[in-house]
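Its first residue numbered 701, the sequence shown is counted upward by one per residue in the numbering used here.
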Amino acid sequence: MPNHMRESNPYIEGVRIAEDTVASRIRERMGDCTPSERKVARTLLAAYPVAGFETVAGLADLAEVSGATVVRFATRLGYSGFPDFQKALRGELEQRSASPTTLYERTSTNRVAPAGDLAVFVDSSVDDLRATFAGVSAHDFETTIELLANPKRRIWLVGGRYSLFLAEYLSASLQQLRSHVQMVPEMASLRGATMAGFDAKDVLVAFDFRRYESGTRNLVHHARTRKASVVVITDKWVSPCASDADAVLTSIASERGPFDSVVPVMALVEAIFETLVHRIGETARHRIEQIEQTVQQLDLI
């Protein structure tokens, strides 16, 4: 089962992490847990957040531990007890399913005068960027880079209603550096044929953000059953796809309006691309040169 503990981030030190979800607390405290408590942690992350709404006895059975261990684990996370733990999960569930209309109403009272909008936007975006990169797991980021840099792997990308353009942007960027990079087809018949051919050589990069899409979840789960590797790029509330992922990269966006900012996740995509440029090295340079020559030969610019 994949382990998405947050390790010390070598890229940004001393930055306060704004994310505070049950999942983030689990990852942060995993290393301090007893072996029995780690069983509870992994059970929760494998079926997050549904497993957290079990009774104490039910969760204990799933994790094969005692009820006392479940309660101890909840207090280790900083909650007063298991009811407080579930209260936090219910609050998250409301946030995860928030619609643009809900967000518009929620943020309308916090809007500032037009003259101050730009400065507020800049400050908020900088905070989001710092929080995002401070919260990135160094292990998961490196796993992502290794998978995407491996020339023996076939790379597939998929996004949802909100995030399709992000997947397309990363796909177009990766195609400049290496071969065998494609979007998962949108047409049902082509998508089915594509997914039927998945195996251990494939890597699926899935973008999935709150109001998480069942179609993306199904694709990710199918890829896992076919032994493919999976990278999930999501938000701080964490897509259900994470339970099937080899690496999970989360972006943290503050609420400023009806839609979450894409600034932090776009920066994360840029970080992936820039790291791959250096990791793939001379092979990437040679491919860029080939593409440029082909573009000129075909008079495409």
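Glycine is no exception: its CB is placed at the ideal position from the N, C-alpha and C atoms.
The structure presented is a predicted model; accordingly, all values stated were derived computationally and were not measured.
Own chain residues within Cβ distance below 6 angstroms of residue i, not counting five before or after
i	result
Asp960	Ala953
Ala942	Val932, Val948
Phe907	Gly859, Ser863, Leu866, Ala867, Ile933
Distance between beta carbons of residue j and residue i, contact taken as under 8 angstroms
i	j	result
Val740	Asp840	Their Cβ separation, rounded to whole angstroms, is 21 angstroms, which puts Val740 and Asp840 out of contact at 8 angstroms.
Val963	Val931	The pair is not a contact, with the Cβ atoms about 20 angstroms apart (cut-off 8 angstroms).
Phe909	Ser863	6 angstroms
Ala763	Thr743	4 angstroms
Leu968	Ala849	Contact doesn't hold; Cβ gap of about 17 angstroms is too wide.
Met895	Leu919	7 angstroms
beta-carbon residue i near the ligand COA non-hydrogen atom, thresh 7 angstroms
i	result
Ala900	Annotation note on the ligand COA: not contained in the displayed structure, which lists no ligands.
Close Cβ partners of residue i (< 8 angstroms) along its chain, the five nearest in sequence each way excluded
i	result
Val756	Gly767, Val770, Val771, Phe782
Val995	Ile1001
Arg861	Glu913
Tyr869	Met966, Val969
Opposing strand residues paired with residue i [DSSP bridges]
i	result
Gln882	Trp856
Neighbourhood of residue i by C-beta, 7 angstroms cutoff - its chain only, sequence neighbours within 5 removed
i	result
Ala900	Lys927, Ala928
Glu792	Thr721, Val722, Pro749, Trp937
Lys852	Lys901
Arg891	Val884, Pro885
Ser873	Phe973
Residue i, DSSP secondary structure in three states
i	result
Asp902	strand
Ile933	strand
Leu949	strand
Phe907	strand
Met966	helix
Gly981	coil
Asp999	coil
Met887	coil
Asp960	coil
Glu868	helix
Glu955	coil
Glu974	helix
Ala928	coil
Ser825	helix
Val820	helix
Glu989	helix
Check your understanding: Hey, which unbroken runs of the alpha helix (DSSP H) at 4 residues or more fall wholly within the region 710 to 791?
Key -> 722 to 729, 735 to 746, 756 to 763, 767 to 776
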